[in-house]
Amino acid sequence: MSYKCIGCGVEIQTTQKAALGYSPKEDAEYCQRCFQIKHYNKASETELESQDYLDVLHNIEASSLVVYIVDVFDFHGSFIHGLNRITSTNDILLVGNKLDLFPKSVNPNKIVHWMRRTAKELGLKVLDAEVISSLKQSRIEGVIEMINEHQRGRNVYVVGCTNVGKSSFINALIAHYTGEENVITTSIFPGTTISTIEIEMNDAYLIDTPGVINQHQVAHYLDQSLKDVTPYKGIKPTVYQVEAKQSFYIGGFARIDYADGPLASFVFYNANRVPIRRTKTSYADEYYKKNKNTLLVPPVETEKQKLGAFTTHKLNIKSNQDLVISGLGFVTINKDVQLILHLPENLKYYIRESIF
Ligand code: GDP
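For the sequence shown, our numbering gives the first residue as 61, with consecutive numbering after it.
Below, the structure written as structure tokens:
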């Protein structure tokens, strides 16, 4: 008899240590990888090819209902381009996760409208949308109502990029129905869910799929700093009044020079363990050399090498736009400004309509 890991759904095997599903015990509940993530917060080196993930999406049965999860804090960075094309006959419900990272004063309905507009701009047709926090188990009922309304006896597939909180969402659903917490494995490491997991729902199945890897997610380039960069609780924005010719460092990840514009307020939304440092632009290079291993950590040196060399981008940002650095957070500025952004080549930035 073969057993499946209840954390990630992979078949348990006892022969190949480096391969998926390995456990020293044939009848283990969890594979060794999930066991380590659960108990030691440590991920093993197992990686799947991106193509495998895309194959999973292609294999979603026609005319089913797809619950597509994105990270609202990193909407563009966690967006699967061409999802409509990949799953062309399916109806899509868009669910934004990690609402709890935004300040409490933000109206969730405003975020839902913003998500719908942004999805449309990016070419994604959705039937309905909702924003939730899987971690706080808030607004999960809204998603259940949406599924009940649109399911019509069909199977429901849960898709999304790695790390958007797909497993946490399914755990929140299971907790909602059964009161049991943390049945499947969640972690800050990308790509935890390896095979599909099925749960019965309204006489059909809710099927979890592995996350699609997005190479620009900052998580792929970090190990020891990942816990500092991943925001856990509501982000406290930091506000600065800034004149042109001043510069900011977001830890050692990015540098923003305020090249030209009037006195403006810059509001940074990022994990509070990534420090924001301010200096004069004329001194910014020197500042980096002096402080790169002290004040400008994270990332640590080995991670800096993986992130790649800095490249510069000249940007014109309007007062109704946000500058997003994928996976790190965003900055919103109350005036039209010219910026020079210095960013490692493996990180991505986006300019978007302001979320607030
Ligand atoms: P998956 O790869 O999409 O299955 O993502 P996981 O469920 O493993 O979650 C990835 C990371 O995001 C973990 O560190 C979770 O604790 C965190 N996470 C998941 N849901 C939420 C949420 O609603 N809010 C916050 N702040 N973090 C979340």
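Every residue, glycine too, gets a C-beta built ideally from N, C-alpha and C. Since we're looking at a predicted model, the values are computed, not measured.
Exposed or buried, what is residue i when buried is set at 16 or more other beta-carbons lying within 10 Å of its beta-carbon?
i      : result
ASP382 : buried
SER227 : buried
THR354 : exposed
SER194 : buried
SER307 : buried
SER342 : exposed
LEU266 : buried
SER285 : buried
ARG177 : exposed
TYR348 : buried
ASN150 : buried
ASP134 : buried
GLY156 : buried
LYS170 : exposed
THR158 : The sequence given here has Lys at residue 158, not Thr. The residue is buried, with at least 16 neighbouring Cβ atoms inside 10 Å.
ASP317 : buried
THR269 : buried
TYR292 : exposed
GLU363 : buried
ALA369 : exposed
ASP320 : exposed
SER83  : buried
ASN380 : exposed
May I ask you to report which of helix, strand or coil DSSP gives residue i?
i      : result
VAL172 : helix
TYR292 : coil
PHE416 : coil
CYS94  : helix
VAL127 : strand
GLN301 : strand
ASP283 : coil
TYR63  : coil
ILE207 : helix
HIS373 : strand
LYS340 : strand
HIS402 : strand
ARG315 : strand
PHE139 : coil
THR74  : coil
GLU121 : coil
PHE227 : Per the sequence presented here, residue 227 reads as Ser, with Phe not at that position. If DSSP states are grouped into helix, strand and coil, SER227 belongs with the helices.
VAL278 : helix
ASP345 : helix
ILE200 : helix
ASN394 : coil
ASN41  : The displayed coordinates of the chain run from 61 to 416. Any statement about residue 41 would go beyond what the structure contains.
GLY213 : coil
VAL272 : strand
Could you work out which residue in the options is closest to residue i when comparing CA atoms only?
i      : options                        : result
VAL203 : LYS180, VAL272, ILE140, HIS236 : HIS236
GLY213 : ILE171, ASN262, GLN277, SER379 : ASN262
LYS185 : ARG199, ASN215, PHE162, LEU125 : LEU125
SER123 : ILE146, SER138, PHE326         : ILE146
GLN365 : SER148, TYR281, LEU153         : TYR281
VAL130 : VAL218, LYS85, LYS64, TYR63    : VAL218
THR298 : GLY321, GLY368, VAL166, PHE326 : PHE326
THR222 : ILE140, ILE259, LYS340         : ILE140
ALA324 : VAL127, VAL132, PHE229, LEU399 : LEU399
ASP160 : HIS173, VAL191, SER148, SER83  : VAL191
MET175 : ALA344, LEU154, SER165, ARG199 : LEU154
GLU205 : VAL224, LEU233, LYS196         : LEU233
LEU356 : ALA344, GLY368, PRO335, LYS340 : PRO335
GLU260 : ILE230, GLN92, VAL289          : ILE230
ALA78  : GLU413, CYS68, CYS91, ASP87    : CYS91
LEU403 : GLU413, ILE415, THR371         : THR371
GLY225 : VAL132, GLN76, PRO168          : VAL132
HIS118 : PRO163, PHE95, GLY142          : GLY142
LYS164 : ALA189, SER198, ALA179         : SER198
TYR300 : ILE393, GLU201, PHE416, ASP288 : ILE393
LYS287 : VAL302, ASN332, ALA264, GLU201 : ASN332
LYS352 : VAL384, LYS85, ARG315          : ARG315
GLN76  : ARG93, CYS68, GLY69            : ARG93
THR290 : TYR410, LYS196, ASN330         : ASN330
LYS64  : GLU201, GLU181, GLU258         : GLU258
Measure how close the beta-carbons of residue i and residue j come, nearest whole angstrom, since I'm counting them as under 8 Å.
i      : j      : result
LYS374 : ASP396 : Actually they are not in contact, since the Cβ atoms of LYS374 and ASP396 sit about 14 Å apart, beyond 8 Å.
GLU89  : ILE66  : 5 Å
GLY220 : GLY271 : 6 Å
GLY137 : GLY387 : 6 Å
LEU401 : PHE313 : That belief does not hold up - the Cβ atoms of LEU401 and PHE313 are roughly 11 Å apart, past 8 Å.
GLY311 : PRO359 : 7 Å
PHE328 : VAL278 : PHE328 to VAL278, Cβ: 16 Å. No contact.
LYS340 : LYS296 : Not really, about 26 Å apart at Cβ, beyond 8 Å.
LEU187 : HIS210 : 6 Å
VAL216 : VAL302 : Incorrect: roughly 47 Å between the Cβ atoms, too far for contact.
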